[in-house]
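Read in order, the letters of the sequence shown correspond to residues 687 to 769 in the working numbering.
Notes follow the structure.
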Amino acid sequence: MKISLVKIGNSQGIRIPKALIEQCGFGDEIELEVKGDALVLRPAQPSRQGWDEAFSTLTKLEEPGPLLPDGMSEEWDEAEWTW
687 MKISLVKIGN
697 SQGIRIPKAL
707 IEQCGFGDEI
717 ELEVKGDALV
727 LRPAQPSRQG
737 WDEAFSTLTK
747 LEEPGPLLPD
757 GMSEEWDEAE
767 WTW
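In structure tokens form, the structure reads like this:
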């Protein structure tokens with residue numbers, strides 16, 4: 687499907703047909719990402735999605751680790767803050 691860019695102020699935009707919006711499950715917000723020479727649009731994920739499950743899992747551990755994503759260290763915290 688080819689569509690034209692439309693002028694919106696100093697920017698340009700596209701009109702997405704309703705059928706595609708419904709097929710993709712878009713709501714009021716979408717996420718955009720550039721991959722190579724392609725623009726990828728996907729339904730926006732709620733902020734902090736999965737946090738409840740993560741906290742629940744941590745509270746069940748005998749020795750919970752830091753609340754950091756895999757591979758992220760705490761070194762920046764120690765270097766940046768003065769206590």
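Cβ coordinates follow ideal geometry from the N, Cα and C atoms, glycine included.
Taking the alpha carbon of residue i as the reference point, which residue from the options has its own alpha carbon closest?
i	options	result
L727	K704, E715, D738	E715
P703	E739, G722, P732, K688	K688
A730	A740, F712, A724	F712
Cα separation between residue i and residue j?
i	j	result
T743	G695	48 Å
K693	G699	6 Å
D738	T745	11 Å
W767	L706	48 Å
Hey, could you find the ends of the beta strand (DSSP E) residue i is sitting in?
i	result
A724	724-729
L718	716-721
P697	Checking the sequence, you will find Ser at residue 697 rather than Pro. Where S697 is concerned, the enclosing beta strand (DSSP E) stretches over 697-699.
What are the boundary residues of the alpha helix (DSSP H) that includes residue i?
i	result
K688	Unbroken run through K688: none, as it is neither H nor E.
I707	704-710
K767	Residue identity differs from the one stated: residue 767 is Trp in this sequence, not Lys. W767 -> no alpha helix (DSSP H), and no H or E assigned at all.
L744	737-746
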